[in-house]
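Oh and the sequence shown: position 60 is 50 in the numbering used here, straight run, nothing missing. Backbone N, C-alpha and C define an ideal beta-carbon position, used for all residues, glycine too.
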Amino acid sequence: MSSYRLLEQPSDEALPDKAHAIPCSHSSNLALIACLILTCINCLLLYASSSLPNQCVDPLMQVTTENMHQLRRPSPFIGLQDVQRPVPPVERELVNFPQVQQQVSRAKPEMVYDDDPLAYMSVEGLVSPEIRRVLVTDDVSTLIQFRVIDFGMEMCEIHLRFPLNTTVPPASKPFMVSLNRLDERVPLNTRTLSYNTRPKQTSSILKLNINPWEDDEVHWWQKFACSWDELLVFELECSGEEKLGSNDGSCRLEWWQDKKEDALSPGVYLKQYSTV
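This is the structure:
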């Protein structure tokens, strides 16, 4: 049978004397002083950033919908300009649909139209169809915005195409519409876009006679040079002073436009052609 023996308790003489404890090293004191200094500096910086507005603030916190266009848009086509290609370039084309199609009203200059009029809630969530309205009357015009896309596709062609039997009211009198070019430095903000806030007109590129009595379809286009990432903003409106019919509301053009290449009519769209 094993026996047990109590451990001996250490005597007071065996315990280290507090007076002879190992002193803190010189490096430990320096580290403690450095921590205190850095803490003071951080407190001063925090106080300075809170007392000076717009200082020491994360730049991304200042990005809003209104100033987002000021951010640089770097090209994703790095080095493609150095690739050898056949001359003349291989013929290629693409259809570019509008980013924005929205109405403004001269009669209600402060009114902002709904930028997603066909949106609806389903069991999966909010559904936003890409179908957009084009409406032109004596008081309402439609603004259309494109952005030039893809590399080496820098010859653009704006198309205006629609059948008269579905876009013009029955028994409508002849009238005239204009397609104008607007200032393109700032993208359209559909949440604030109204007649008073729309961009300024820079030029008028088309005055088109619409005669439902003689024509079945209108298809007009015009080529012009463009550059990648360039904004193109147009306004389609009634040409009031040169209207062929009487000023009785005879000027009316309306359709709903989808983004399908097999159904370009009716629609306003942009074709881009290869340049390299």
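I need the DSSP call for Y110, collapsed to helix, strand or coil.
Locating residue 110 in the sequence shown gives position 120, counting from the first residue. Reduced to three states, the DSSP call for Y110 is strand.
Who are the near neighbours of W211 in its chain, counting only those whose CB is closer than 7 Å to its CB and skipping five residues on each side?
Residue mapping note: residue 211 aligns to position 221 of the sequence shown, counting from 1. E147, I148 and H149.
Which class does K250 belong to by DSSP, given the choice of helix, strand or coil?
In the sequence shown, the residue the question calls residue 250 occupies position 260. DSSP places K250 in coil when its eight states are reduced to three.
Are three or more beta carbon pairs between the region 106 to 114 and the region 160 to 175 nearer than 8 Å?
no
Of all the options N155, P78, C228 and L34, which has the alpha carbon lying nearest to the alpha carbon of S194?
Locating residue 194 in the sequence shown gives position 204, counting from the first residue. Checking every option, the nearest Cα to that of S194 belongs to C228.
Relative to the C-alpha of M279, which residue among S17, S131, L221 and L154 is closest?
Because residue 279 is not part of the residues shown, which for the chain are -9 to 266, the question remains open.
Complete beta strand (DSSP E) runs within the region 90 to 164 (minimum length 3 residues, chain order)
90 to 95, 110 to 112, 115 to 117, 122 to 126, 130 to 137 and 145 to 153
Would you say R75 reaches chain B, if we count a Cβ-Cβ gap shorter than 8 Å as a contact?
The structure shown contains no chain B; it holds only a single protein chain.
Which residue from A38, P202 and N32 puts its Cα closest to that of L154?
On the sequence shown, position 164 is the one that residue 154 refers to. L154 has its Cα closest to that of P202, out of A38, P202 and N32.
Quick check on the DSSP output: what are the complete beta strand (DSSP E) runs of length 3 or more inside the region 170 to 227, in order along the chain?
191 to 200 and 207 to 215
Contact check, V126 vs V80 under 8 Å by CB: the rounded distance?
On the sequence shown, residue 126 is found 136 positions in, with the first residue counted as 1. On the sequence shown, residue 80 is found 90 positions in, with the first residue counted as 1. With a beta-carbon spacing of about 38 Å, V126 and V80 fall beyond the 8 Å limit used to define contacts.
Simplified DSSP assignment, three categories, for S168
Looking up residue 168 in the sequence shown gives position 178. Strand.
By Cβ distance, which residues of its chain are closer than 6 Å to W246, with the 5 residues on each side in sequence left out?
Against the sequence shown, residue 246 aligns to sequence position 256. Result list for W246: I121 and R123, in chain order.
Excluding sequence positions up to five away, which residues of its chain have a Cβ less than 6 Å from the Cβ of K190?
Mapped onto the sequence shown, residue 190 falls at position 200. Once the five neighbours on either side are set aside, the close Cβ partners of K190 are D173.
Would you kindly report the start and end of the unbroken beta strand (DSSP E) that includes L260?
The residue given as residue 260 occupies position 270 in the sequence shown. Per DSSP, L260 belongs to the beta strand (DSSP E) from G257 to Y263.
From F224, S17, L260 and D252, residue whose alpha carbon lies closest to that of D140
Position 150 of the sequence shown holds residue 140. The shortest C-alpha separation from D140 is found at L260.
When you compare the CB positions of R224 and N179, do they come within less than 8 Å of one another, or not?
The count along the sequence shown starts at 1 and reaches residue 224 at position 234. The count along the sequence shown starts at 1 and reaches residue 179 at position 189. Residue identity differs from the one stated: residue 224 is Phe in this sequence, not Arg. Not in contact: F224 and N179 (Cβ atoms no closer than 8 Å).
Return the Cβ separation of Q60 and Q135 in integer angstroms, given the expectation that the two are a contact with Cβ distance under 8 Å.
Looking up residue 60 in the sequence shown gives position 70. Looking up residue 135 in the sequence shown gives position 145. Incorrect: roughly 17 Å between the Cβ atoms, too far for contact.
Please state whether DSSP places N57 in a helix, a strand or coil.
Taking the first residue of the sequence shown as 1, we reach residue 57 at position 67. Correct three-state label for N57: coil.
At the level of alpha carbons, what is the spacing between Q74 and G142?
Start at 1 with the first residue of the sequence shown, and residue 74 comes out as number 84. Start at 1 with the first residue of the sequence shown, and residue 142 comes out as number 152. C-alpha separation (whole angstroms): 13 Å.
At what residues does the beta strand (DSSP E) containing V85 begin and finish?
Translated into the one-based positions of the sequence shown, residue 85 becomes position 95. Run containing V85: E83 to N86, per the beta strand (DSSP E) assignment.
If contacts are defined as beta-carbon pairs under 8 Å, then F152 and C241 qualify, I think. What distance do you get, rounded to the angstrom?
Taking the sequence shown and counting its residues from 1, the one referred to as residue 152 is at position 162. Taking the sequence shown and counting its residues from 1, the one referred to as residue 241 is at position 251. With a Cβ gap of about 14 Å, F152 and C241 do not count as contacting.
Closest residue to K249 among M58, P119, L70 and E83 (Cα-Cα distance):
For this step, residue 249 is matched to residue 259 along the sequence shown. Ranking the options by Cα distance to K249, first place goes to P119.
Do L222 and V158 have their beta-carbon atoms positioned less than 8 Å apart in this structure?
The residue you call residue 158 lines up with position 168 of the sequence shown. The residue you call residue 222 lines up with position 232 of the sequence shown. No, the Cβ-Cβ distance between V158 and L222 is not below 8 Å.
One or two residues paired with L243 in a DSSP bridge:
As a first step, residue 243 must be located in the sequence shown, where it is residue number 253. L243 pairs with V126.
If we ignore side chains and look at the alpha-carbon of each, how far apart do Q91 and L36 end up?
As a working note, residue 91 is residue 101 in the sequence shown. As a working note, residue 36 is residue 46 in the sequence shown. So the two alpha carbons sit approximately 47 Å from each other.
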